[in-house]
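K.L.:
Numbering (my numbering), first residue to last: -8 to 253. Let me give you the structure first, and then I'll get to my questions.
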């Protein structure tokens, strides 16, 4: 499978599957390219599906003494450049959405839309910052696994719960290495001016970011799209893949249609 080199020479592992309109998935703090196994298998018949390992994750270069989350958007752009992808839909998961949004804003020539999965994408707005902080204050009272998967899923699918927890053991970078992605985030005006279309994708049972907060972000960002998936947790892509995959396919078919028709 191929590697792409970032501007600073970091070697980044990625995979390309299928054919058709492009979707590039950007993992969160506990993921890597293989976390999207349920998405690749379901979507590659209709779409070009790209997955990558950000630096410090999976099979990408992890040799640096420390990691700077500000470098992650460039990692996404490096894969788009290597594959010469245009009009891509970037799909972020949790804090990976911050990297996805920044990559899209940096290269609107290659990105038509960004799906912010369970995230506000690091948007700089005082009201949204306050709402997200209140959600996090409640979330940290829960065990980490309960923030990400429902108790029902953990009880009925201990096998997939175990595999989910094992995913993060392949990574060198940790959550702390991604936190500064939120520094100096884009404003609502920045997003609007870019021409990149944005969708908020959230789960009704997300214990990390509430539906109320996501809905407010959608209201504030003119032209944005909102998808709330019933019964889905923060890690919707893992626990309820059928619903998640259907939402992603629907968004890919509709969000970029005007730009593709030009």
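Where is the CB? At the ideal position from N, CA and C, for every residue including glycine.
Would you call the segment 37 to 50 and the segment 92 to 103 touching, i.e. three or more CB-CB distances under 8 Å?
P.N.:
no
K.L.:
Got a sec? Which residues, its chain only, sit under 6 Å from residue 171 by beta carbon, not counting five neighbours each side?
P.N.:
The residue you call residue 171 lines up with position 180 of the chain shown. Counting only Cβ-Cβ distances below 6 Å, and skipping sequence neighbours, we find 60.
K.L.:
In the DSSP assignment, what are the bridge partners of residue 17?
P.N.:
Translated into the one-based positions of the chain shown, residue 17 becomes position 26. DSSP, once it has assigned bridges, lists 83 as partnering residue 17.
K.L.:
Excluding the five sequence neighbours on either side, which residues of its own chain have a C-beta within less than 7 Å of the C-beta of residue 238, listed in chain order?
P.N.:
Residue 238 sits at position 247 when you count from the first residue of the chain shown. Excluding residues within five positions, the ones whose Cβ falls inside 7 Å are 192, 218 and 220.
K.L.:
Assign residue 19 to buried or exposed, taking buried as 16 or more other Cβ atoms, counted over all protein chains shown, within 10 Å of its Cβ.
P.N.:
Residue 19 sits at position 28 when you count from the first residue of the chain shown. By the 10 Å Cβ count, residue 19 comes out buried.
K.L.:
My output table needs one value for residue 219: the three-state DSSP class, helix, strand or coil.
P.N.:
Taking the chain shown and counting its residues from 1, one reaches residue 219 at position 228. In this structure, residue 219 counts as strand in the three-state DSSP scheme.
K.L.:
Thinking C-alpha only, which one of 128, 74 and 136 is nearest residue 229?
P.N.:
Here residue 229 refers to the residue found at position 238 of the chain shown. Selected option, being the one with the closest Cα: 136.
K.L.:
Scan the segment 116 to 152 and note each continuous alpha helix (DSSP H) run of 4 residues or more that stays entirely inside, going in chain order.
P.N.:
117 to 130, 135 to 139 and 142 to 147
K.L.:
Can you give me the start and stop residues for the alpha helix (DSSP H) that residue 6 sits inside?
P.N.:
Position 15 of the chain shown, counting from 1, holds the residue named residue 6. Not the alpha helix (DSSP H): residue 6 falls in the beta strand (DSSP E), residues 2 to 9.
K.L.:
Whose CA, out of 69, 27 and 88, lies closest to the CA of residue 306?
P.N.:
It is not possible to answer for residue 306, since the shown part of the chain is limited to -8 through 253.
K.L.:
Do you know offhand how far residue 241's Cα is from residue 205's?
P.N.:
Residue 241 sits at position 250 when you count from the first residue of the chain shown. Residue 205 sits at position 214 when you count from the first residue of the chain shown. Cα to Cα, the separation comes out at about 19 Å.
K.L.:
Just to confirm before moving on: does the CB-CB distance between residue 15 and residue 109 stay below 7 Å?
P.N.:
Within the chain shown, residue 15 is the residue found at index 24, counting from 1. Within the chain shown, residue 109 is the residue found at index 118, counting from 1. No, Cβ-Cβ distance for residue 15 and residue 109 is not below 7 Å.
K.L.:
Any contact between the segment 137 to 154 and the segment 31 to 43? By contact I mean 3 or more CB pairs, one from each, below 8 Å.
P.N.:
no
K.L.:
Taking residue 64 as the reference, give the member of 175, 93 and 180 with the closest Cα.
P.N.:
As a working mapping, residue 64 is identified with position 73 in the chain shown. Of the candidates 175, 93 and 180, 93 places its Cα closest to the Cα of residue 64.
K.L.:
I'd like the span of the beta strand (DSSP E) that includes residue 104, first residue to last.
P.N.:
Looking up residue 104 in the chain shown gives position 113. Residues 102 to 108.
K.L.:
Assess contact between the segment 64 to 84 and the segment -5 to 7, defined as three or more Cβ pairs (one per stretch) separated by less than 8 Å. Is contact present?
P.N.:
yes
K.L.:
Mapping DSSP to helix, strand and coil, what is residue 181?
P.N.:
Locating residue 181 in the chain shown gives position 190, counting from the first residue. Residue 181: helix per DSSP, three-state reduction.
K.L.:
At the level of alpha carbons, what is the spacing between residue 141 and residue 69?
P.N.:
Residue mapping note: residue 141 aligns to position 150 of the chain shown, counting from 1. Residue mapping note: residue 69 aligns to position 78 of the chain shown, counting from 1. Here the alpha carbons of residue 69 and residue 141 stand approximately 35 Å from one another.
K.L.:
Can the beta-carbon of residue 177 be found less than 7 Å from the beta-carbon of residue 107?
P.N.:
Here the question's residue 177 lines up with position 186 in the chain shown. Here the question's residue 107 lines up with position 116 in the chain shown. Their beta carbons are not under 7 Å apart, which means residue 177 does not touch residue 107 by this criterion.
K.L.:
Which ranges does the beta strand (DSSP E) cover as unbroken runs of at least 3 residues, wholly within the segment 26 to 73, from first to last along the chain?
P.N.:
You should have 39 to 43.
K.L.:
Taking 8 Å as the limit between beta carbons, can you name the residues of its chain near residue 181, skipping five residues before and five after?
P.N.:
By 1-based counting over the chain shown, the position of residue 181 is 190. Here the set comprises 96.
K.L.:
Quick one: Cα of residue 151 to Cα of residue 29, how far?
P.N.:
Taking the chain shown and counting its residues from 1, one reaches residue 151 at position 160. Taking the chain shown and counting its residues from 1, one reaches residue 29 at position 38. Cα to Cα, residue 151 sits roughly 12 Å from residue 29.
K.L.:
Does DSSP put residue -1 in a helix, a strand or coil?
P.N.:
Within the chain shown, residue -1 is the residue found at index 8, counting from 1. Of the three classes helix, strand and coil, the one that applies to residue -1 here is coil, per DSSP.
K.L.:
Does DSSP classify residue 194 as helix, strand or coil?
P.N.:
For this step, residue 194 is matched to residue 203 along the chain shown. If DSSP states are grouped into helix, strand and coil, residue 194 belongs with the strands.
K.L.:
Distance check for residue 53 and residue 208, CA to CA, integer angstroms please.
P.N.:
The residue labelled residue 208 in the question sits at position 217 within the chain shown. The residue labelled residue 53 in the question sits at position 62 within the chain shown. Answer to the nearest angstrom: the Cα atoms are 34 Å apart.
K.L.:
Grouping DSSP H, G and I as helix and E and B as strand, with all else coil, what is residue 205?
P.N.:
Along the chain shown, read from residue 1 onward, the residue named residue 205 stands at position 214. DSSP places residue 205 in helix when its eight states are reduced to three.
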